[in-house]
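Chains as they are written, first to last, in the numbering used here: chain A, 1 to 112; chain B, 1 to 114.
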């Protein structure tokens with residue numbers, strides 16, 4: 001399974017754009033890149049998923065370069081409620097009840 | 001009920017007790033998961049059920065015993081636990097073969113072993 005590396009923590013201010021980069025040098029051909037958000041004492045919540053290039057939804061964008069060895073989660077105009085831990089996961093979960101490995105995550109702190 | 005529900009939300013048990021954690025998904029998914037999250041640590045995958053059959057067991061000690069009575073229900077039977085088993089236990093479900101390959105998590109059961 002591909003290992004991921006992301007910053008342990010990041011600080012930001014309300015209204016700023018936040019970019020969290022994740023390295024996954026050993027990503028395999030069938031692997032997808034998925035980001036989850038987790039608040040304390042709650043289950044993680046899916047944010048966005050991609051395979052290559054750029055994906056955008058109502059809450060975030062995911063940028064994946066051609067070599068797919070890294071990815072960047074972009075959160076536009078963060079608010080205090082975006083303070084959470086963000087996990088980057090890489091794995092083939094398209095079949096066989098796939099296996100995801102959660103790393104340490106990035107603890108994002110948004111300040112007023 | 002919608003999404004993934006877990007009961008109980010909090011559980012305190014002694015090391016000699018037997019208890020069960022319950023998870024129900026109302027999403028029609030075909031895969032279900034148990035994760036453990038200790039304080040300030042990332043989630044650790046424990047078990048994966050695919051089409052009601054155990055497909056992944058991450059070398060979990062036998063004092064944790066999973067059960068999948070049907071496609072919507074997932075239980076985790078606990079027996080002779082240790083204090084280090086105190087953690088947040090999370091259940092999740094997903095639909096294989098359908099993008100995005102998203103796991104939906106329940107709120108978790110906060111377990112304390114005394």
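Yeah, the Cβ is synthetic: ideal placement off N, Cα and C, and Gly gets one too.
With a threshold of 7 Å between beta-carbons, can residue 103 (chain A) be considered close to chain B, or not? Walking along the first chain from the start, residue 103 (chain A) turns up at place 103. Output row for residue 103 (chain A): interface = yes.
Using CA atoms only, rank isn't needed, just tell me which of A:36, A:88, A:3 is closest to residue 26 (chain A). Within the first chain, numbered from 1, the residue matching residue 26 (chain A) stands at position 26. Checking every option, the nearest Cα to that of residue 26 (chain A) belongs to A:3.
Per DSSP, cross-strand counterpart(s) of residue 110 (chain B): The residue you call residue 110 (chain B) lines up with position 110 of the second chain. DSSP lists B:10, B:88 as partners of residue 110 (chain B).
Euclidean distance between Cα positions of residue 21 (chain A) and residue 18 (chain B): As a first step, residue 21 (chain A) must be located in the first chain, where it is residue number 21. As a first step, residue 18 (chain B) must be located in the second chain, where it is residue number 18. So the alpha carbons of these two residues sit roughly 43 Å apart.
What would DSSP say about residue 82 (chain A), mapped onto helix, strand or coil? Along the first chain, read from residue 1 onward, the residue named residue 82 (chain A) stands at position 82. If DSSP states are grouped into helix, strand and coil, residue 82 (chain A) belongs with the helices.
Under a CB-based cut-off of 7 Å, is residue 111 (chain B) close to chain A? For the purposes of this step, residue 111 (chain B) is identified with residue 111 of the second chain, where counting begins at 1. Residue 111 (chain B) does not count as touching chain A.
Closer than 7 Å to chain A by CB, residue 105 (chain B): In the second chain, the residue the question calls residue 105 (chain B) occupies position 105. Closer than 7 Å: yes.
Backbone secondary structure at residue 66 (chain B) - three-state DSSP: As a working mapping, residue 66 (chain B) is identified with position 66 in the second chain. Of the three classes helix, strand and coil, the one that applies to residue 66 (chain B) here is strand, per DSSP.
Are the CB atoms of residue 32 (chain B) and residue 86 (chain B) nearer to each other than 7 Å? For this step, residue 32 (chain B) is matched to residue 32 along the second chain. For this step, residue 86 (chain B) is matched to residue 86 along the second chain. No, they are not a contact pair.
Decide if the stretch 56 to 71 of chain B is in contact with the stretch 100 to 107 of chain B; the criterion is three or more beta carbon pairs, one per stretch, under 8 Å apart. no
Taking 7 Å as the CB-CB limit, is residue 44 (chain A) close to chain B? As a working mapping, residue 44 (chain A) is identified with position 44 in the first chain. With 7 Å as the cut-off, residue 44 (chain A) counts as an interface residue toward chain B.
With distances taken from CA atoms, which of A:35, A:44, A:79 is nearest residue 17 (chain A)? Start at 1 with the first residue of the first chain, and residue 17 (chain A) comes out as number 17. Cα-wise, what sits closest to residue 17 (chain A) is A:79.
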